[in-house]
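With our numbering applied, the sequence shown has no gaps in its numbers, which climb one by one up to 310 at the end. C-beta atoms are modelled at their ideal positions from N, C-alpha and C, and glycine is treated no differently. Working notes, beginning with the structure itself.
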Amino acid sequence: MRSLPPGPPSLLLPGAEGAVPARLLWAVNRFWMETENRKSRRYGGRGRHHWYALLFLMRALEVLLKLTRQYERGVRNAWDLRARDLEIPLRRLPRAFDGFTVLHLSDLHLDGMPGLEQAILERVGARQFDLCALTGDYRTELHGPIGPTMERLRPLVAGVRSRHGVLGVLGNHDDCHMVGPMEAMGIRVLVNEGVRLTRGEDALQVVGTDDVHYYFTDQAVHALEAARSLCTVALVHSPEAYDVAADLGVDLYLCGHTHAGQVCLPGGRPVIKHLSRGRRYYRGTWRHDGMVGVTNAGAGTSGVPVRFNTRGEILVLTLRCPAS
Ligand SMILES: [Fe+2]
């Protein structure tokens, strides 16, 4: 059996765990996983990223599409973004939050489709939202400079009109070093933590985890435990934590990652879902026990900037009390 390399060196003296901020512990572990090219999944699944094998397949797809003259059609499909409005009834939603609107954007992969940020702003227009939620994968590359992606994200964030600001989580394509620049441009990045929004006496909680596709840790589960006490919207990059979130009482689970298949067969059947768990939740609105889930098809593309038999989307969610 192949042995794993040693984990990140401990920064702590025995018994001093509480003395180091949780974010620093997270950053050390995330940086180690990124630099060692290690992924960590629930139930002990650990191994090398298979991204490069996938990249090879996508390059082969690109060649095939160009040979068959389908590439340009796929690119046009990718730019044919759809804006959709959805009403989301939630059992525990406080009355004061009835009608609360969330602009949900996911999987922007801004380095893969230059100009996508402007295309999104054109579709969102001058609409005012109560909250903007970003569920990860701001870039396509897994490694390397983050600057070009951050430069494209900045005008998008500046152009969105949101009363409670912009909350975001990291995806499996994102680098732990993005947190600082993202927060500097006004995004509150939720790294296994939550924020409480209030209207009068009522409160709604938004909890965000680090990516659970490549970088799952128990800190993600601990963050979701906050859902026991209050109506909670969870921001998680992929649907793969759907069951633990439902068990812990999360009311609404917003995610992306799958691109709804991106390249699908006629009828929308995906060739690849890119999920190890929760594969039936690869797109659209779904329910698991009492929890409502929304898997955003994403605005961008990964690998090859094409879509077939699916479209990118921008979602505007309106939260509703059950009886309204
Ligand atoms: Fe992803």
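Under the three-state reduction of DSSP output, Phe17 falls in the helix class. Within the model, the alpha-carbon separation for Thr244 versus Gly284 is close to 8 Å. In the same chain as Met168, and ignoring 5 residues on each side of it, the C-beta atoms closer than 6 Å to its own belong to Val175, in chain order. Excluding its 5 nearest sequence neighbours in each direction, Val302 has C-beta neighbours in its own chain below 8 Å: Ala69, Arg70, Asp71, Leu72, Thr87, Val88, Leu89, His90, Arg113, Phe115, listed in chain order. Around the CB of Val165, 16 or more other CB atoms lie within 10 Å, so the residue is classed as buried. The distance from the Cβ of Gly172 to that of Val192 is about 16 Å, inconsistent with a contact at the 8 Å cut-off. Straight-line spacing of the CA atoms in Tyr239 and Leu47 works out to 32 Å. For Gly286, the CB stays at least 6 Å from every heavy atom of ligand 1.
Under the 10 Å beta carbon count, Tyr38 is surrounded by fewer than 16 other beta carbons and is classified as exposed.
Rounded to whole angstroms, the separation of the alpha carbons of Val14 and Pro7 is 11 Å. In the displayed model, Asp204 falls within a helix according to three-state DSSP.
Apart from sequence neighbours up to five positions away, the residues of its chain that approach Pro75 with a beta-carbon distance below 6 Å are Arg306, Pro308, ordered along the chain. Residue environment analysis places Glu108 among the exposed positions, since fewer than 16 neighbouring C-beta atoms fall within 10 angstroms of its C-beta. Val249 places its beta carbon 7 Å or farther from that of Ala64.
One residue after another in chain order, those with a Cβ under 5 Å from a heavy atom of ligand 1 are Asp123, Gly157, Asn158, His243.
Boundaries for Met164: no alpha helix (DSSP H) harbours it, and the DSSP string shows neither H nor E there. Between Leu67 and Ile300 the beta-carbon gap is near 6 Å, inside 8 Å, which marks them as a contact.
In this structure, Ala232 sits away from Arg269, with a CB-CB distance that is not shorter than 7 Å. Per DSSP, the beta bridge partners of Leu301 are Arg70, His90.
Exposure of Leu53 is indicated by the presence of fewer than 16 other C-beta atoms within 10 angstroms of its C-beta.
Approximately 4 Å separates the beta-carbon atoms of Asn282 and Gly242; this is inside 8 Å, confirming the contact.
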